[in-house]
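Input: a single structure, listed below in structure tokens.
Residue numbers (this note's numbering): 32 to 452.
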């Protein structure tokens, strides 16, 4: 008669029971952070344009806070790798709040150098908002990872849509506080990021990444003691090629999305539209970036990562064509173009994230995810910086068409990967 060793899983919280609580906490923090990230998108370029008196550098704020998000992605990834998601994400949001305060101070002092430094720091909030999606997938089974990612992403919709549309009342608040009108959204941003950090620091327990590691280690110990146990419970990745493809999908979608999005408020402002009108268009855009996430997650899990990644490229192409063709006085058509731009980005982010999470083992997951997000942030910085230069040299329609055409590069990459399978 043989005996088996007692399972080490008995002392570890059940991931299936912990996951709903973790998702609720992440959702709460994402609602807050969604309001925070909207400020830089909506008025960052306008602040720079006012201070510098030129459109050619209006894309610089977007480039700076996306470059700042690159550094933050590394930092948040490394902290999460060493200590867990909770301290990593909380530190990132707190840094974003500090950056928001710096932007307000720079505007009060009319100091462009301080503005650019503060926007770089503010980018930590953007990076952290994206890194949170990985936390939602840490404990999800492989067949439900895209849906878990989507649950976290869709929560950003509430804050992300509300944020830009608070531009007018936030401006009034700023005037009451005796600070420049355009900084009102950064008051909201700093408060929202600080609250998101507090929510995570207090309630993201158990830590999803640390629990996932504990479960994996316990299963390995059980398998060593009972070789026939857990034989079918291993995670299957796609190897190095999966990391490259997942990163490429997210890099290209980020580059195209940031370039077109950054210059849309400037394009509208130059054609006589109000800040409220550009805030509405950006609000619709951010809503399209996040609101379809539950459907996208289901599609990715149901029909596969590759098909939705290809759909991303096609949707971004349609967005670029429509943005280029839309009359400058048509808020409705510009809003539709930016909605398609957000949807294409959403397809790329959810499918790319699922590919990366499928591929990377738990032992190096957070660090690798952080490095991938660095590449995404650099792509965003490149899109933001070059967008202003290109519009100054050519036009907004030329920028939109170029972005749409560039997104088609996703199709051969997806086809090549599918063929190798």
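We put the CB at the ideal spot given by N, CA and C, even for glycine.
The structure displayed is predicted, hence computed values, not measured ones.
Stretch-stretch touch, CB-based, cutoff 8 Å, three pairs: the region 142 to 154 with the region 294 to 311: no
Cut-off 8 Å between Cβ atoms - residues of its own chain near residue 369, not counting five sequence neighbours on either side: 291, 292, 295, 312, 313, 315, 316, 319, 350, 354
Candidates 47, 439, 215, 81, of which the one nearest residue 175 by Cα: 47
N- and C-terminal bounds of the alpha helix (DSSP H) containing residue 45: Where residue 45 is concerned, there is no enclosing alpha helix (DSSP H), given that its DSSP letter is neither H nor E.
Residue 42 versus residue 321 - alpha carbon distance: 37 Å
Environment of residue 371 [buried if 16+ CB atoms lie within 10 Å]: buried
Environment of residue 165 [buried if 16+ CB atoms lie within 10 Å]: buried
CB-CB length for residue 406 against residue 282, believed under 8 Å: 5 Å
Counted within 10 angstroms of its Cβ, other Cβ atoms place residue 297 as buried (16 or more) or exposed: buried
In chain order, each alpha helix (DSSP H) run of at least 4 residues that lies wholly inside the region 104 to 170: 116 to 140, 143 to 168
The region 209 to 216 in contact with the region 333 to 351 per 3-pair CB rule at 8 Å: no
Host alpha helix (DSSP H) of residue 172 (start-end): Here residue 172 belongs to no alpha helix (DSSP H), and DSSP marks it neither H nor E.
Touching by the beta-carbon criterion (3+ pairs, under 8 Å), the region 114 to 133 and the region 233 to 244: yes
Buried or exposed by the 16-neighbour rule on C-beta atoms within 10 Å, applied to residue 208: exposed
Rounded C-alpha distance that separates residue 95 from residue 254: 49 Å
Sub-7 Å separation of residue 182 and residue 65 beta-carbons: no
Of the residues 142, 306, 249, the one placed nearest residue 77, counting alpha carbons only: 306
Burial state of residue 140, where buried means 16 or more other Cβ atoms lie within 10 Å: exposed
Top-ranked residue by Cα proximity to residue 447, from 431, 273, 393, 329: 273
Straight-line gap, residue 415 to residue 103 (C-alpha atoms, nearest Å): 17 Å
Inter-residue Cα distance where the pair is residue 453 and residue 367: The question about residue 453 has no answer, for the chain in this structure spans 32 to 452.
Per-residue DSSP class, three states only, for residue 472: This structure gives no information on residue 472, because the portion of the chain shown stretches from 32 to 452.
DSSP three-state assignment for residue 300, whether helix, strand or coil: helix
C-alpha gap between residue 424 and residue 287, whole angstroms: 18 Å
DSSP three-state assignment for residue 84, whether helix, strand or coil: coil
Rounded straight-line distance, which links the Cα of residue 133 to that of residue 324: 32 Å
Same chain only: Cβ atoms within 6 Å of residue 105, ignoring 5 sequence neighbours per side: 401, 405
Residue 110 versus 180, 398, 204, residue with shortest Cα-Cα distance: 398
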